[in-house]
Amino acid sequence: MTCTRKTVQGPAHGHVMAELPFKNTYDLSPEQLLALDEAEELMERLDLGAAETAFLTMLEEAPDCIPVLNNLGHLYGKLLSEFEKAVEYYEKVLQQEPDNAWARDQRRRYLRYCSYD
Numbered sequence: 004m005t006c007t008r009k010t011v012q013g014p015a016h017g018h019v020m021a022e023l024p025f026k027n028t029y030d031l032s033p034e035q036l037l038a039l040d041e042a043e044e045l046m047e048r049l050d051l052g053a054a055e056t057a058f059l060t061m062l063e064e065a066p067d068c069i070p071v072l073n074n075l076g077h078l079y080g081k082l083l084s085e086f087e088k089a090v091e092y093y094e095k096v097l098q099q100e101p102d103n104a105w106a107r108d109q110r111r112r113y114l115r116y117c118s119y120d
C-alpha cells in the first residue's frame with residue numbers, strides 16, 4: 004500500500020466509483036480510506052487502545068502515510084498526553100511536508116508541554 008500526495012476522487016468504502024465527500028489528497032486506496040475512517044471512529048468513541056492499534060497497523064503498511072501520522076500525533080498528544088510521541092509523529096509529517104501548518108503548530112504545542120517536565 005502506498006500513500007502518496009495526489010489530488011483525485013475515486014471509489015471509497017468498497018463502492019465502485021462512489022463520489023467522495025472530499026478530495027482524496029493523499030491518493031488513499033478504498034481499503035485505506037475505510038481503515039482510516041474506522042480508526043478515527045474508534046478515536047472519537049475514546050476506544051483509544053483499539054484506535055492506536057488500528058493506526059499503527061496502517062502505519063506498518065504505509066510508513067509515510069501523512070493522514071495516519073497526523074492522527075497518531077493527535078491521539079498521543081491530545082488524548083493520551085504522550086507529548087514526546089506526538090512530537091515524533093508530527094516531525095515525520097514535517098519531513099515530508101515542511102509547509103504543513105497543522106503539523107508544525109501541533110508539534111510546537113507539544114514541544115512546549117514537553118518542556119514543562
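Going by the working numbering, the sequence shown opens with residue 4, and the numbers climb by one from there.
For each residue, glycine too, the CB sits at the ideal point set by N, CA and C.
Nothing here was measured: the structure is a model prediction, and the numbers come from that model.
Here's the rule: buried if 16 or more other CB atoms are within 10 angstroms of the residue's CB, otherwise exposed. What is residue i?
{"i": "threonine 87", "result": "A small correction: the amino acid at residue 87 is glutamate; threonine does not occupy that position in the sequence shown. Its Cβ having fewer than 16 others within 10 Å, glutamate 87 is exposed."}
{"i": "arginine 8", "result": "Only weak support is given to the placement of arginine 8: the predicted model assigns it a pLDDT of 48, under 50, and the question is left unresolved by the model."}
{"i": "alanine 38", "result": "buried"}
{"i": "alanine 104", "result": "exposed"}
{"i": "alanine 95", "result": "The question names alanine, but residue 95 in the sequence shown is lysine. So lysine 95 counts as buried."}
{"i": "leucine 78", "result": "buried"}
{"i": "leucine 72", "result": "buried"}
{"i": "leucine 31", "result": "buried"}
{"i": "tyrosine 113", "result": "buried"}
{"i": "leucine 36", "result": "buried"}
{"i": "tyrosine 130", "result": "Any property of residue 130 remains undetermined from this structure, which presents the chain solely from 4 to 120."}
By alpha-carbon positions, which one of the options ends up nearest to residue i?
{"i": "glutamine 46", "options": "Asn74, Leu62, Ile69", "result": "The identity of residue 46 in the sequence shown is methionine, whereas the question assumes glutamine. Minimum Cα distance to methionine 46 is reached at Asn74."}
{"i": "leucine 82", "options": "Gln99, Gln98, Asp50", "result": "Asp50"}
{"i": "glutamine 109", "options": "Gly80, Ser84, Glu34, Tyr119", "result": "Gly80"}
{"i": "aspartate 67", "options": "Gln99, Leu114, Ser32", "result": "Gln99"}
{"i": "tyrosine 93", "options": "Ser84, Ala106, Asp102, Pro101", "result": "Ala106"}
{"i": "lysine 26", "options": "Ala42, Arg115, Pro70", "result": "Pro70"}
Mind listing, in chain order, the continuous alpha helix (DSSP H) runs of no fewer than 4 residues lying wholly within the stretch 69-120?
-> You should have 69-77, 86-99, 104-118.
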